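UniProt numbering applies: residue 1 is where the sequence shown begins, and numbers increase by one.
Don't be surprised by glycine CBs; every beta carbon is placed ideally from N, CA and C.
The structure presented is a predicted model; accordingly, all values stated were derived computationally and were not measured.
Read through the structure below, which is laid out as structure tokens, and then see the notes.
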Amino acid sequence: MSIGLVNWSLWHKESKHLIISSGTYGNLIYPFQYENGTLYKYNKLEVELIFYPIEPKLTLLRRDAFLATIYNQVYIMTLKQDTHSSQPAELVLYRLSREKVVTKTHVLKFNSTGHFQVNIVDSLILVHHLQSKTTLLYDLKFSSVCDQQIAIHQQPLITPLPMKPVTQMPPFVPSFSSSPAAMVAAQPAYEMYSNNWIVFQPDVIIDAVQGCMWKTEISLPGFVDMISDKCLLIEVLLHRAGAKSLILDVVRSLVTPETASSLTTIGEIFNRLNQVYAYNEDMKSDFEVLAVTKSWLAANAVSVIQQDDIYTHVFYPIFGEQRARRDEKSNSSFPISVMVEYIASLQTFDLPVHFYLYELLVNTLVDCGQLFRLHQFLQYHVMADSKHLACLLLSLQNVYPPAFQIALDMLKRLGTAHDEIVEVFLSKHQVLTAIRYLRSVGLANQMQPRKFLSVAKESGDPDIFYTTYKYFEDINVKQRNTTSFAPGDHCEEYQHHFSVLFCQ
């Protein structure tokens with residue numbers, strides 16, 4: 001392999017990639033990757049220049065080429081800029097694939113001329129325009145149109161803005177006449193966007209003349225005001241590290257009645273959050289695909305918003321506390337619609353809904369007097385059957401009498417709640433109904449006589465006690481050929497009670 005004259009080289013420590021510039025113009029790029037003790041070669045890349053000088057000379061300089069990792073992919077980036085040309089500058093990205101192939105994938109249009117510098121922060125591309133003293137922010141996942149499988153980004157993600165000025169720190173000189181705050185306030189700011197800037201990837205800026213070195217960072221809360229499309233805002237934040245609390249703040253503002261967005265927008269946001277949540281839930285327990293999961297999340301989302309996050313930080317602070325205040329002036333239908341939207345989204349992605357969400361929804365429906373709507377939700381299985389939900393409905397039977405039968409039907413559908421169904425019947429002193437139910441499911445031989453006789457006695461109805469007692473006598477005859485109860489049944493009290501009532 002012959003490369004020829006080497007103009008310059010770049011090494012990317014994180015991914016162990018090396019690129020070498022060759023050729024008269026410096027635009028012949030040879031990428032390599034050092035992996036497992038072996039140096040692998042990619043196909044040669046010929047970078048298109050913004051212009052080709054009449055007299056051949058090195059045109060693609062080292063300062064205009066970068067290696068960076070963006071969304072878990074390694075890219076070669078080249079700046080096409082010329083301060084003496086009227087042609088707008090642009091940044092071209094070439095992806096280095098695992099198959100050792102270099103592919104041109106993105107072009108970022110700056111729509112202006114001048115001198116540009118580039119930083120990469122949290123998979124965002126920051127393009128500093130020194131003449132206008134502003135920074136253009138690009139996200140490869142958004143704001144692009146496709147041209148022959150190349151994503152063309154005509155506009156930055158947000159309006160170009162200047163970086164926050166950095167105030168010079170005062171020298172450490174003790175002073176008894178000035179407060180520290182006043183000393184700091186009196187210091188001038190450093191010159192930003194200086195021509196002396198030297199950028200080191202991914203996020204370092206050095207100004208040797210001013211004797212400064214800065215680490216570039218993104219202020220995520222600023223996106224909330226700068227991106228009006230809330231679905232896009234959530235999508236952008238999902239890909240940012242440390243944005244989970246901010247995402248929850250945004251979602252909370254969208255479902256707060258005073259600042260609420262449309263249910264359509266809220267539903268779209270819930271679906272996106274739950275798409276990431278579902279993927280994480282499906283894969284995190286599978287050790288074989290754990291690495292794939294991490295790779296997918298790195299490329300598609302960083303923050304995972306789970307049900308307990310939504311309940312603790314969004315729903316309960318708004319709807320739960322609203323219930324606690326018994327705020328009658330609030331719009332009762334809106335929180336119900338929002339919760340139903342979220343539950344429906346969870347079900348769309350086959351995520352089991354946690355009981356506390358159903359509990360908040362049911363209690364809100366009851367508080368708002370929307371019992372018919374509650375009945376509809378249960379009838380059409382908006383809320384999935386569970387023992388917890390059935391017990392909650394049983395507790396509401398004094399407020400909503402049909403809840404008793406609904407809960408009983410739910411327990412029967414579960415098919416695993418025989419003990420709970422028996423307890424429900426016994427709580428109503430329906431001893432004979434409980435016995436008939438156990439017989440119908442083939443569990444007659446597992447009944448504890450003492451429990452049933454106790455409830456029959458408490459009912460105060462001699463006929464019920466007589467029928468219950470005789471039933472268990474028949475069981476004793478079938479099992480032990482005697483009407484007497486076994487000593488372990490502890491039924492002496494009820495034998496005496498039967499004698500008192502019927503054997504005198």
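Below 8 Å, too few C-beta pairs join the region 215-227 and the region 102-117 to call them touching: fewer than three. Apart from sequence neighbours up to five positions away, the residues of its chain that approach F425 with a beta-carbon distance below 6 Å are T433, A434, ordered along the chain.
If you check the CB distance, L394 and A407 come in under 8 Å. By the criterion of a C-beta distance shorter than 7 Å, L60 is surrounded in its chain by S21, Y25, G26, N27, V47, L49, T78, once the five residues flanking it on both sides are discounted. In this structure, the CA atom of R63 is about 40 Å from the CA atom of D249. Put simply, the backbone Cα of Q370 is about 38 Å away from that of R439. Taking all protein chains shown into account, V500 has fewer than 16 neighbouring C-beta atoms within 10 Å of its C-beta and is therefore exposed. Fewer than three Cβ pairs drawn from the region 307-321 and the region 226-239 lie within less than 8 Å of each other, which leaves the two stretches out of contact. The beta carbon of A403 lies closer than 6 Å to those of L393, L396, Q397 in the same chain, with the five residues before and after it left out. Segment contact: the region 261-270 against the region 202-212, fewer than three CB-CB distances shorter than 8 Å; contact not assigned. Assignment of F110 by DSSP, reduced to helix, strand and coil, places it in the coil class. By DSSP's assignment, S22 forms a beta bridge with V6, L28.
Taking all protein chains shown into account, K230 has 16 or more neighbouring C-beta atoms within 10 Å of its C-beta and is therefore buried.
Annotated three-state conformation of T105 is strand, per DSSP. About 10 Å separates the beta carbon of Q201 from that of A65, a gap too long to meet the 8 Å contact definition. With 16 or more other CB atoms across the displayed protein chains lying within 10 angstroms of its CB, P335 is buried.
Looking at L45, S459, H17, the one whose alpha-carbon comes closest to that of F32 is H17. Under DSSP, Y75 takes part in a beta bridge, and its partners are A68, R95.
As the crow flies, the alpha-carbon of L378 is around 19 Å from that of T416. Collapsing the DSSP output to three states places M447 in coil. In this structure, I475 is the residue among I475, L365, L411 with its C-alpha nearest to the C-alpha of A444. Across the set R252, L263, D309, A260, the C-alpha of D309 shows the shortest separation from the C-alpha of Y277.
For Y40, there is no enclosing alpha helix (DSSP H); the enclosing beta strand (DSSP E) covers residues 38-41. Judged by their CB atoms, T134 and L161 are nearer to each other than the 8 Å cut-off. Relative to G4, the option among W11, G23, E14 whose CA is nearest is G23. Non-local C-beta neighbours of E359 in its own chain, meaning closer than 7 Å and more than five positions away in sequence, comprise L392, ordered along the chain.
Excluding its 5 nearest sequence neighbours in each direction, V340 has C-beta neighbours in its own chain below 8 Å: L361, F377, V382, listed in chain order. Boundaries for Q117: no alpha helix (DSSP H) harbours it, while the beta strand (DSSP E) harbouring it runs 116-121, taken from the DSSP string. Assigned with DSSP and collapsed to three states, M192 falls in coil, not helix or strand.
Per DSSP, reduced to three states, the secondary structure at V199 is strand. In terms of Cβ geometry, L365 and I343 do not form a close pair [threshold 8 Å]. Annotation: E458 to C491 spans about 15 Å, alpha carbon to alpha carbon. Close CB contacts of S143 within its chain, under the 8 Å cut and outside five residues either way in sequence, are with H153, Q154, Q155, P156, L157 (chain order).
Selection G37, V121, Y437 evaluated against Y138 yields V121 as nearest (Cα-Cα). Going by DSSP, Y316 is part of no beta strand (DSSP E) at all; its letter is neither H nor E. Counting along the chain, the unbroken alpha helix (DSSP H) around T265 starts and ends at 263-283.
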